[in-house]
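S.K.: The following block contains the structure, expressed as structure tokens.
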Amino acid sequence: VNTAVSKKSRWRRLGLPAGAGLALYGGYRQFFYVEKEEIKLAKNWHVTLYRKMPLKAISRLWGRFNDLHLPVFLRHPLLSIYVWMFGCNLSEAEIEDLKHYRNLGEFFRRQLKSHVRPIDDAHSLTSPADGKILHHGQVKNGVVEQVKGVTYSLRGFLGPAWQRTRHGEDINHLSDKEYQERLGVKPGHRLYHTIIYLAPGDYHRFHSPTQWSIQHRRHFPGELLSVSPGVARWVQGLFNFNERVVYSGTWEHGFFSMTAVGATNVGSIKIYCDEELTTNNSRKQPHGTYFDKSFSNPISFNKGEMFGEFNLG
Amino acid sequence: STIVLIFEAPNDFDFKIENSKKIKFGEAVGT
Chain E
-7 VNTAVSKKSR WRRLGLPAGA GLALYGGYRQ FFYVEKEEIK LAKNWHVTLY
43 RKMPLKAISR LWGRFNDLHL PVFLRHPLLS IYVWMFGCNL SEAEIEDLKH
93 YRNLGEFFRR QLKSHVRPID DAHSLTSPAD GKILHHGQVK NGVVEQVKGV
143 TYSLRGFLGP AWQRTRHGED INHLSDKEYQ ERLGVKPGHR LYHTIIYLAP
193 GDYHRFHSPT QWSIQHRRHF PGELLSVSPG VARWVQGLFN FNERVVYSGT
243 WEHGFFSMTA VGATNVGSIK IYCDEELTTN NSRKQPHGTY FDKSFSNPIS
293 FNKGEMFGEF NLG
Chain D
691 STIVLIFEAP NDFDFKIENS KKIKFGEAVG T
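Protein chains in written order, with the working numbering: chain E, -7 to 305; chain D, 691 to 721.
Structure representation (structure tokens):
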């Protein structure tokens, strides 16, 4: 008993310095954690080199390869590797039997069971996809944050305001701030944004995030750089380089847009209400080129309604 | 791949999400 009591008091005496030591160690870890999180942007030559890589051609090849029909006996072992590598939740898939999918392309655009994703009725805006929130918040001075501290220009992302270009007004000479002011956001309102990153193992179809109507589509046939969080932290203006399709219209509060941004090996975007759209074409277009389509009869969508899908290729 | 939403909303629009957190299709983003 004596030994135990003396040991206990010894531990008590040790408590304060041990706690201080742990706190110091925590501080040290925190310091280096913050150090590691410091933004280190790619230099211009890094970005130029990265953009020179034939990622679109490689993606098209990857897409074609994954459209080949696999023999039935190979489907389960090969697709299981993908499921294991990217942590896909097979129990949520409408078809759980891997033998049913003729190739990885089909598995990639798999549907989910109808009951596994209930749509939130209490909030006006819901997530259009499974993924990770890269960033969200207010758009200030025409600049959007892709991750904390790394930005891209709203004007570069959306292009000239289509409502105004119809009347022949050129707004390319405007600053980012002036561009946002010209979007015509109503007094008492603000412009907000949300970026959702879909990892390779995620469900790759996407849905309408709210009740809204589409009046316009703009397709930027850009590049197919990776959009993983690490690259988003590294390449400033990443989303303005990539191939993307912007659907714009209105919701209960005014302007609303949803943009599907392609990525390396996932450059094929299909939108169910827009059969004319083709992406990741072999024809090279200069940076900033875009193609417009106006819907003379706006297309209405309800919250949760199926909207489109990303495909390999 | 990525989905980007850009939208107009009242000043008091309330986000229900956090950066770097996973989200599932149909879950609340804001109101």
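For each residue, glycine too, the CB sits at the ideal point set by N, CA and C.
Which whole-angstrom value describes the C-beta separation of E:VAL258 and E:ASN234, a residue pair presumed to lie in contact below a C-beta threshold of 8 angstroms?
M.R.: That belief does not hold up - the Cβ atoms of E:VAL258 and E:ASN234 are roughly 10 angstroms apart, past 8 angstroms.
S.K.: Could you confirm whether any beta carbon from chain D is found closer than 7 angstroms to the beta carbon of E:MET250?
M.R.: Yes, E:MET250 lies at the interface with chain D (some Cβ there is under 7 angstroms from its Cβ).
S.K.: Once the 5 residues before and after D:LYS714 are set aside, which same chain residues still bring their CB inside 8 angstroms of it?
M.R.: Once the five neighbours on either side are set aside, D:LYS714 has no close Cβ partner at all.
S.K.: Can you list the alpha helix (DSSP H) stretches of 4 or more residues lying completely in the stretch 247 to 276 of chain E, in chain order?
M.R.: Qualifying alpha helix (DSSP H) stretches: none in this window.
S.K.: Step through the CB atoms of chain D and report whether any lies within less than 7 angstroms of the CB of E:ILE188.
M.R.: Yes, because at least one Cβ of chain D sits closer than 7 angstroms to the Cβ of E:ILE188.
S.K.: Touching or not, the stretch 236 to 253 of chain E and the stretch 173 to 193 of chain E, by the rule of three or more beta carbon pairs under 8 angstroms?
M.R.: Verdict: yes, contact present.
S.K.: Taking E:TRP243 as the query, report the chain D residues whose CB atoms sit under 9 angstroms from its CB, ordered along the chain.
M.R.: By Cβ distance, chain D contributes PHE697, GLU698 and ALA699.
S.K.: Once DSSP output is grouped into helix, strand and coil, what is the label at E:MET77?
M.R.: If DSSP states are grouped into helix, strand and coil, E:MET77 belongs with the helices.
S.K.: State the DSSP-derived secondary structure class of E:TYR144, mapped to helix, strand or coil.
M.R.: In this structure, E:TYR144 counts as strand in the three-state DSSP scheme.
S.K.: Residues in the stretch 121 to 133 of chain E with C-beta within 8 angstroms of chain D's C-beta atoms, listed in sequence order?
M.R.: Residues ALA121, ASP122, GLY123, LYS124, ILE125, LEU126, HIS127, HIS128, GLY129 and VAL131.
S.K.: Three-state secondary structure (DSSP) at E:PRO290?
M.R.: E:PRO290 falls in the strand class under three-state DSSP.
S.K.: Give a yes or no on whether the C-beta atoms belonging to D:VAL694 and E:THR251 are separated by under 7 angstroms.
M.R.: Contact: yes.
S.K.: Looking at the strands, I want to know which residues DSSP matches up with E:TYR331.
M.R.: An answer regarding residue 331 of chain E cannot be provided, because it is not within the stretch -7 to 305 covered by chain E.
S.K.: Do the stretch 128 to 145 of chain E and the stretch 262 to 275 of chain E meet, that is, are 3 or more Cβ pairs less than 8 angstroms apart?
M.R.: Flag = no, the stretch 128 to 145 of chain E and the stretch 262 to 275 of chain E do not touch.
S.K.: Residues bridged to E:ASN303 by DSSP?
M.R.: Answer by DSSP bridge pairing, in chain order: E:SER260.
S.K.: Are the CB atoms of E:TYR184 and D:PHE697 nearer to each other than 7 angstroms?
M.R.: Yes. Within cutoff.
S.K.: Around the Cβ of E:PHE293, are there at least 16 other Cβ atoms within 10 angstroms (buried) or fewer (exposed)?
M.R.: So E:PHE293 ends up on the buried side.
S.K.: Report the residue from E:LYS295, E:GLU88, E:PHE299 and E:SER286 whose alpha carbon sits nearest the alpha carbon of E:LEU117.
M.R.: When only C-alpha atoms are compared, the closest one is E:LYS295.
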